[in-house]
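S.K.: Sharing a structure, written as structure tokens. Questions coming.
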Amino acid sequence: MSSPPVTPVDEFPTDTSMWRVLPPDGPLVPGDYGPLNHARVAVKDLFAVAGQQIGAGNPAWLAEAPVETSHADAVTALLNAGADITGMALTDELAFSLEGANIHYGAVPNPVAPQHLCGGSSSGPAAAVAAGVADIGLGTDTAGSIRVPASYCGLYGLRTTHDAVSRTGLLGLAPSFDTVGLLTRDLDLLTRAADALLPPQPRHPITTILLAPSLIDLLPESARTLFTAAVHALGVEVRPVEVPLPDLSEATDPGPDRPARDSVPAEIDDAATGIGPEVAVSRSALPADPAPPAVASAPSPDVASASSTHTASAPPPHTVSTSLPHGPGLPSPPSSDRPDRPASTEALTAVLAAFRAVQAAEAWRLHGDFVTKHPGALAPEIAARFEFGRSVTPATEAEAREVLRRTAKAWHAALPSGTAFALPAAASPAPHRNADPATVESTRQATLRLTCHASLAGLPALTLPGPQLDGLPLGLCLLAGPGQDRSLLSFAARS
Numbered sequence: 001m002s003s004p005p006v007t008p009v010d011e012f013p014t015d016t017s018m019w020r021v022l023p024p025d026g027p028l029v030p031g032d033y034g035p036l037n038h039a040r041v042a043v044k045d046l047f048a049v050a051g052q053q054i055g056a057g058n059p060a061w062l063a064e065a066p067v068e069t070s071h072a073d074a075v076t077a078l079l080n081a082g083a084d085i086t087g088m089a090l091t092d093e094l095a096f097s098l099e100g101a102n103i104h105y106g107a108v109p110n111p112v113a114p115q116h117l118c119g120g121s122s123s124g125p126a127a128a129v130a131a132g133v134a135d136i137g138l139g140t141d142t143a144g145s146i147r148v149p150a151s152y153c154g155l156y157g158l159r160t161t162h163d164a165v166s167r168t169g170l171l172g173l174a175p176s177f178d179t180v181g182l183l184t185r186d187l188d189l190l191t192r193a194a195d196a197l198l199p200p201q202p203r204h205p206i207t208t209i210l211l212a213p214s215l216i217d218l219l220p221e222s223a224r225t226l227f228t229a230a231v232h233a234l235g236v237e238v239r240p241v242e243v244p245l246p247d248l249s250e251a252t253d254p255g256p257d258r259p260a261r262d263s264v265p266a267e268i269d270d271a272a273t274g275i276g277p278e279v280a281v282s283r284s285a286l287p288a289d290p291a292p293p294a295v296a297s298a299p300s301p302d303v304a305s306a307s308s309t310h311t312a313s314a315p316p317p318h319t320v321s322t323s324l325p326h327g328p329g330l331p332s333p334p335s336s337d338r339p340d341r342p343a344s345t346e347a348l349t350a351v352l353a354a355f356r357a358v359q360a361a362e363a364w365r366l367h368g369d370f371v372t373k374h375p376g377a378l379a380p381e382i383a384a385r386f387e388f389g390r391s392v393t394p395a396t397e398a399e400a401r402e403v404l405r406r407t408a409k410a411w412h413a414a415l416p417s418g419t420a421f422a423l424p425a426a427a428s429p430a431p432h433r434n435a436d437p438a439t440v441e442s443t444r445q446a447t448l449r450l451t452c453h454a455s456l457a458g459l460p461a462l463t464l465p466g467p468q469l470d471g472l473p474l475g476l477c478l479l480a481g482p483g484q485d486r487s488l489l490s491f492a493a494r495s
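Below you can see the structure in the form of structure tokens.
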């Protein structure tokens, strides 16, 4: 599988729309000599880089951020392996978004689909890598922030096993789910970058891929057969299964006045709709004709006031690409690719709701003080997500954590050594930059139903460039058991 062609670098302002800190000449921090010799790294603006501030995608945060005196551990590891830090790339606000648009700095461009969103929250690193102005993107993934931009930009992406890579020096969002991740244009470089970050791990040959039709059904109908064929093209046994889900009716006591079901309490269940606390970003909030901003030149910590340019054309109707990255001759998916029992939509919704309740509660504990002291500093939809976290009671969070514990146990049991689970990295190709808020939000909701599983179970997730829909990339994501990052990379290299 290979990445799609990119728009020439000089066709969009890489210095203002991707980077917060970019030296005019040479790398921000040169690396040592090693296997990543002179590979250019775009560091998400959540990692500490000595001599710089962490901007976190928010000017108010940047204004109060101290100058870092040492590098984050992940930054140090890449430098020790020979990579150069090119600059600090933009992020969605406090990493609490999957979109790739920031009300303060604008929408980060998507070099492979200029009329479409880049995906977030590791938006700046993804765009820089896709544009060819960086070789490696160092990012984070809490609920899909590596997987979604990798999918939208046609990149390789690795969400590492939770806690496998040190997060020292990283400004987090939800520690139970935060991980370090990588983005590249080719698999070999991704593997070498992962080698610099990961601890020693056993490699187990992957011989079976599990595929859940209920998750494939989250894709546009025209993409489902194409995606399934791409999974079969990986060359190992593909086994139809259902999403590993526990009996959630045992996770909580619904009480005498509420019937038991595959669900969680109403306070958690409300989180699944996303219409209240998860309001969609308004395109009208992003300036249409921005003045070109200035990017901070190292070591200056000043923030740029950037914004995006939006196009007015509407997205085309869905048409399916007839070619796959593997070329012609792909096997047709067998007719038995659907198991007898479909997954409960209610159960999947309940798991997502529990995940979002815990994620938001942890985000509030980390950043609630900043949010409270800076009213109006966040985009409305980001502020609403934090406000939802403030409203999660200890009892509700405890019940949600029990749902996640049971679900993680089911996932771990379903993924023994030698087994991977395939699913779309996102629920659709990248939405149009001018898509209405309802479309963006519905895409987010469907995508979270795909991305929450690796996050809640602490699994490694490898995103590969997959089939294309309307000429737009769609990532193929492979999950494996905890600590099987290298097994996934080895499997992809052989496929």
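For the sequence shown, full-length UniProt numbering begins at 1 and goes up steadily by one. Glycine residues also receive a C-beta, built at the ideal position from the N, C-alpha and C atoms.
What are the partner residues of Ala102, as DSSP defines its beta bridges?
M.R.: Here residue 102 refers to the residue found at position 102 when the sequence shown is read from its first residue. It is Asn, not Ala, that sits at residue 102 in the sequence shown. Note: Asn102 sits in a beta bridge opposite Gly106.
S.K.: Per DSSP, what are the beta-bridge partners of Tyr156 in this structure?
M.R.: The residue given as residue 156 occupies position 156 in the sequence shown. According to DSSP, which records beta bridges pairwise, Tyr156 is partnered with Thr184.
S.K.: Looking at Ala174: is its Cβ nearer than 8 Å to the Cβ of Thr208?
M.R.: Translated into the one-based positions of the sequence shown, residue 174 becomes position 174. Translated into the one-based positions of the sequence shown, residue 208 becomes position 208. Taking 8 Å as the Cβ cut-off, Ala174 and Thr208 do not qualify as a contacting pair.
S.K.: Any idea what DSSP makes of Leu476, helix, strand or coil?
M.R.: Counting from 1 along the sequence shown, the entry for residue 476 is found at position 476. Strand at Leu476.
S.K.: With respect to the alpha helix (DSSP H) encompassing Val75, which residues constitute its N-terminal and C-terminal limits?
M.R.: Mapped onto the sequence shown, residue 75 falls at position 75. Residues Asp73 to Asn80.
S.K.: Would the region 40-48 and the region 98-108 be scored as touching if the rule is three or more Cβ pairs under 8 Å?
M.R.: They do not touch, by the three-pair rule.
S.K.: For Asp141, report the span of its beta strand (DSSP E) as first-last.
M.R.: Within the sequence shown, numbered from 1, the residue matching residue 141 stands at position 141. Looking at the DSSP string, the run of the beta strand (DSSP E) that includes Asp141 is Ile136 to Asp141.
S.K.: In the DSSP output, what is Met88 paired with across the bridge?
M.R.: Counted from its first residue, the sequence shown places residue 88 at position 88. Met88 pairs with Val21 and Val43.
S.K.: DSSP three-state call for Arg192: helix, strand or coil?
M.R.: On the sequence shown, position 192 is the one that residue 192 refers to. Arg192: helix per DSSP, three-state reduction.
S.K.: Give me the residue from Gly100, Pro114 and Gly132 with the minimum Cα distance to Gly120.
M.R.: For the purposes of this step, residue 120 is taken as residue 120 along the sequence shown, with counting starting at 1. Of Gly100, Pro114 and Gly132, the residue nearest in Cα terms is Gly100.
S.K.: Less than 7 Å between C-beta atoms, sequence neighbours within five positions excluded: which residues of the same chain meet that for Arg167?
M.R.: As a first step, residue 167 must be located in the sequence shown, where it is residue number 167. Cβ neighbours of Arg167 beyond the five flanking positions: Asp178 and Val180.
S.K.: Can you tell which of His204, Arg385 and Glu221 has the C-alpha that lies nearest to the C-alpha of Gly418?
M.R.: Your numbering for residue 418 matches position 418 in the sequence shown. Residue His204 is the option with its Cα nearest to Gly418.
S.K.: Using only CA atoms, which one of Asp470, Leu464, Glu221 and Gly57 lies nearest to Ala89?
M.R.: For the purposes of this step, residue 89 is taken as residue 89 along the sequence shown, with counting starting at 1. For Ala89, the nearest C-alpha among the options comes from Gly57.
S.K.: Among the residues of its own chain, which have a CB less than 6 Å from the CB of Gly31, if the five just before and after it don't count?
M.R.: Counted from its first residue, the sequence shown places residue 31 at position 31. Within the same chain, Gly31 has close Cβ partners Leu79, Gly82, Ala83 and Asp84.
S.K.: Any idea if Arg494 is buried or exposed, counting beta-carbon neighbours within 10 angstroms, 16 or more meaning buried?
M.R.: Walking along the sequence shown from the start, residue 494 turns up at place 494. Flag for Arg494 reads exposed.
S.K.: Per DSSP, Leu423 is paired with what?
M.R.: Reading the sequence shown from its first residue, position 423 is the one you call residue 423. Per DSSP, Cys477.
S.K.: Express the C-alpha separation of Ser145 and Gly139 in angstroms, rounding to a whole number.
M.R.: The residue you call residue 139 lines up with position 139 of the sequence shown. The residue you call residue 145 lines up with position 145 of the sequence shown. Roughly 8 Å between the two C-alpha positions.
S.K.: Put His432 into one of helix, strand or coil per three-state DSSP.
M.R.: Sequence index remark: in the sequence shown, residue 432 carries index 432 (1-based). If DSSP states are grouped into helix, strand and coil, His432 belongs with the strands.
S.K.: Assess contact between the region 436-446 and the region 383-402, defined as three or more Cβ pairs (one per stretch) separated by less than 8 Å. Is contact present?
M.R.: No, the region 436-446 is not in contact with the region 383-402.
S.K.: Taking the continuous beta strand (DSSP E) assigned at Thr208, which residues delimit it?
M.R.: Taking the first residue of the sequence shown as 1, we reach residue 208 at position 208. Where Thr208 is concerned, the enclosing beta strand (DSSP E) stretches over Thr208 to Leu211.
S.K.: Is it a yes or a no for the region 346-358 touching the region 374-383, going by three-plus beta-carbon pairs under 8 Å?
M.R.: Because the criterion of three Cβ pairs below 8 Å is not met, the region 346-358 and the region 374-383 do not touch.
S.K.: Within 8 Å of any Cβ in chain D, is that where the Cβ of Pro35 sits?
M.R.: Protein chains in the displayed structure number just one, and chain D is not present.
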